[in-house]
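Count along the sequence shown from 1, then add 2; that gives the number in my numbering. Where is the CB? At the ideal position from N, CA and C, for every residue including glycine.
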Amino acid sequence: MIKQILGKLPRKPSKSSQNDSNGDGVNVNSSLNPNSLNNSKPGSASSKSSGSRLSNGTLNSHSSSLNKSNEGKKTAPLASQAGPVSAPAVYEALPSFQDVPSSERQSLFLKKLNICCVVFDFTDPSKNLREKDIKRQTLLELVDYISSVISKFNEVAMQEITRMLAANLFRTFPSLNHDNKLLEMYDLDEEEPAMDPAWPHLQIVYELLLRFVASPETDAKLAKRYIDHSFVLKLLDLFDSDDQREREYLKTILHRIYGKFMVHRPFIRKAINNIFYRFIFETEKHNGIAELLEILGSIINGFALPLKEEHKLFLVRALIPLHKPKCASMYHQQLSYCITQFVEKDFKLADTVIRGLLKYWPLTNSSKEVMFLGELEEVLEATQAAEFQRCMVPLSRQIGRCLSSSHFQVAERALFLWNNDHIRNLIIQNRKLILPIIFPALERNTSGHWNQAVQSLTLNVRKIFSDADQSLFDECLVRFKENEMKEKEIQEKRELTWKQLEDVAASTAVSNKAVLVSRFVSSTAIASSTSPKATAGS
């Protein structure tokens with residue numbers, strides 16, 4: 003009687019059965035066991051009785067019941083939990099998709115994803131050669147399967163895909179040179195590009211992620227649970243990779259994610275914004291600024307009008323300050339495109355952009371100054387007359403300094419601004435304010451600049467102004483000569499003052515030792531020696 007009662011009581015599940023369920027209807031641990039993979043042959047009794055098989059992209063009744071039993075239990079996406087899986091003692095290849103019936107391919111797909119979670123060490127090229135080749139072939143099969151699938155990816159498949167992606171892609175980079183702020187000590191352009199030894203596998207994983215995101219069978223509403231904010235942040239961290247090939251893949255993938263997952267768009271923009279802030283104000287070291295700006299260039303191009311205040315703040319707080327770092331040449335082309343896109347979207351931003359350029363204008367870096375002049379020309383080409391008038395005075399002063407530069411490329415690039423019809427018309431329309439500011443630089447260049455090309459270009463610019471307004475040109479010439487005379491007189495007085503100071507020092511010297519003359523004593527002595535009253539009194 004007691005035995006009958008005990009026999010009716012529910013038995014405690016064994017550890018093996020607990021591991022088999024794993025909470026998502028997929029036997030994860032058994033897939034890592036090569037013996038269980040080899041024993042589950044198509045048509046065998048064990049494979050037919052397995053409750054985790056998928057058919058045409060949907061779970062069978064047993065898997066559905068497992069999922070229903072787990073309803074109400076909130077679990078974090080595997081992408082945020084997964085890490086590299088250590089290699090098992092035996093790592094065997096699974097059968098290809100062509101060797102199994104179509105009803106079993108989805109189950110095989112999950113098993114292949116599972117064994118690809120194993121991450122090998124690529125720093126030693128002679129280690130695990132056979133296993134690495136098996137994994138590479140498996141990854142290629144997965145890419146082909148994702149490209150050819152004709153049914154929607156269900157939640158279990160998305161969970162396993164993101165888990166495999168996280169295990170292979172999300173990693174920390176070595177901190178070599180990442181904390182070095184003295185970028186001027188070496189030339190980044192002369193460094194050999196870094197190559198990740200694991201790239202033969204990483205490239206296929208990135209291709210798989212790209213095809214998964216771009217696939218029409220990927221439902222964005224369902225996939226956003228797994229390609230979530232955490233996943234996007236870790237993906238953005240990878241932009242700091244030294245390998246340019248990886249950054250190119252990331253650029254394409256992030257752009258596809260931005261286009262497909264509209265719910266993530268504000269978060270992606272904010273996350274990129276934070277990367278820029280840290281780069282500008284803290285580290286000044288990041289490998290992926292150019293790629294991120296290239297993505298933003300496409301995003302800005304799609305902004306609706308009128309521009310939101312959020313977008314204008316992004317321009318002022320992030321894009322314009324990106325001109326500040328010393329390594330701006332690494333990404334200036336992409337940055338200039340983004341800036342120009344804003345001005346073309348809203349011409350009223352031209353004044354803000356030009357004043358921002360003037361704020362961060364380089365003082366001692368001539369090559370950077372040439373880049374700024376090139377960007378300035380692109381911005382001015384999209385600038386309306388009203389916005390130009392707001393900033394033309396400080397802008398003309400800076401152009402005048404560039405015209406006076408002893409570096410011929412800076413002076414030459416500034417003179418090239420007059421070759422642009424739109425810019426030349428803006429200058430001619432406001433010549434009464436602009437010409438008096440830049441005329442001294444033009445006049446000194448005609449006779450005093452060492453470079454013949456600069457002299458020739460300066461004469462052409464002088465001719466443009468004289469043809470436009472001869473009376474104004476003559477007035478500026480007379481004023482220039484008067485100022486030159488005044489400066490010459492000031493220079494002569496300065497030289498005379500120094501001569502008198504030397505005479506005072508020589509007259510008070512009683513020996514060959516140096517005599518220290520304070521500024522107050524020197525000025526007093528000079529004043530007394532040059533004053534007529536002092537002479538008459540003596």
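Exposure of residue i, with buried meaning 16 or more beta-carbon neighbours within 10 Å
i	result
G358	buried
W500	exposed
Y279	exposed
F241	buried
S109	buried
N41	Its pLDDT being 36, under 50, N41 is placed unreliably in this model, and the coordinates cannot settle the point.
S243	buried
S128	exposed
S338	buried
S33	Note on S33: pLDDT 34, under 50, position unreliable in the model; the coordinate value appears next. The residue in question, S33, is buried, as its Cβ has 16 or more Cβ neighbours within 10 Å.
P44	In this prediction, P44 scores a pLDDT of 35, lower than 50, which makes its location untrustworthy; no coordinate-derived value is stated.
Q386	exposed
R165	buried
D245	buried
E289	The sequence given here places Asn at residue 289; Glu does not occur at that position. Buried: at least 16 other Cβ atoms inside 10 Å.
K495	exposed
Q493	exposed
D230	buried
Whole-angstrom C-beta distance between residue j and residue i, which should lie under 8 Å
i	j	result
R446	S406	7 Å
I322	V355	7 Å
D471	R433	6 Å
L115	E162	5 Å
D353	L309	Their Cβ separation, rounded to whole angstroms, is 15 Å, which puts D353 and L309 out of contact at 8 Å.
S98	E143	6 Å
L238	A273	5 Å
I440	G402	4 Å
R415	V372	5 Å
P442	F482	6 Å
E219	V151	5 Å
N367	F410	Rounded, the Cβ-Cβ distance is 16 Å, inconsistent with contact.
L112	A169	About 14 Å; that fails the 8 Å criterion.
K226	V265	6 Å
Which residues DSSP lists as bridging residue i, in chain order
i	result
V463	Partner(s): none; V463 has no beta bridge.
V215	Per DSSP, none; premise fails for V215.
CA-to-CA distance, residue j to residue i, given in whole angstroms
i	j	result
A222	R213	14 Å
V480	S473	11 Å
T125	L167	20 Å
A413	H203	50 Å
D101	H334	52 Å
N462	L435	20 Å
L351	A330	22 Å
L360	K328	16 Å
L256	T460	48 Å
E380	P396	18 Å
E94	R138	12 Å
E549	C478	Nothing in the structure corresponds to residue 549, since the chain is present only between 3 and 540.
L171	Q343	33 Å
A292	I259	18 Å
R267	R319	19 Å
A196	C340	28 Å
E383	H313	22 Å
C404	L141	56 Å
R132	F305	50 Å
L365	T510	44 Å
L417	K490	28 Å
R464	D423	16 Å
K253	I297	7 Å
L224	S105	23 Å
L307	F269	21 Å
S437	I466	Contrary to the premise, residue 437 reads as Leu rather than Ser in this sequence. So the alpha carbons of these two residues sit roughly 11 Å apart.
Y362	Y251	32 Å
P103	S232	37 Å
F281	K326	10 Å
V506	E377	55 Å
I428	L419	Correcting the residue type first, residue 428 is Leu in the shown sequence and not Ile. Looking at the two C-alpha atoms, the distance is approximately 11 Å.
F175	V207	18 Å
Contact with chain C by residue i, beta-carbon distance below 8 Å
i	result
D244	The structure shown contains no chain C; it holds only a single protein chain.
At what residue ranges does the segment 274-362 contain a whole run of the alpha helix (DSSP H), taking only runs of 4 or more?
291-303, 311-316, 334-347 and 352-361
In chain order, each beta strand (DSSP E) run of at least 3 residues that lies wholly inside the segment 446-513:
none
Starting from the N-terminal side, write out each stretch of the alpha helix (DSSP H) that is 4 residues or longer and does not extend beyond the segment 197-266.
201-216, 222-225, 231-239 and 246-262
Can you list the alpha helix (DSSP H) stretches of 4 or more residues lying completely in the segment 365-389, in chain order?
368-383
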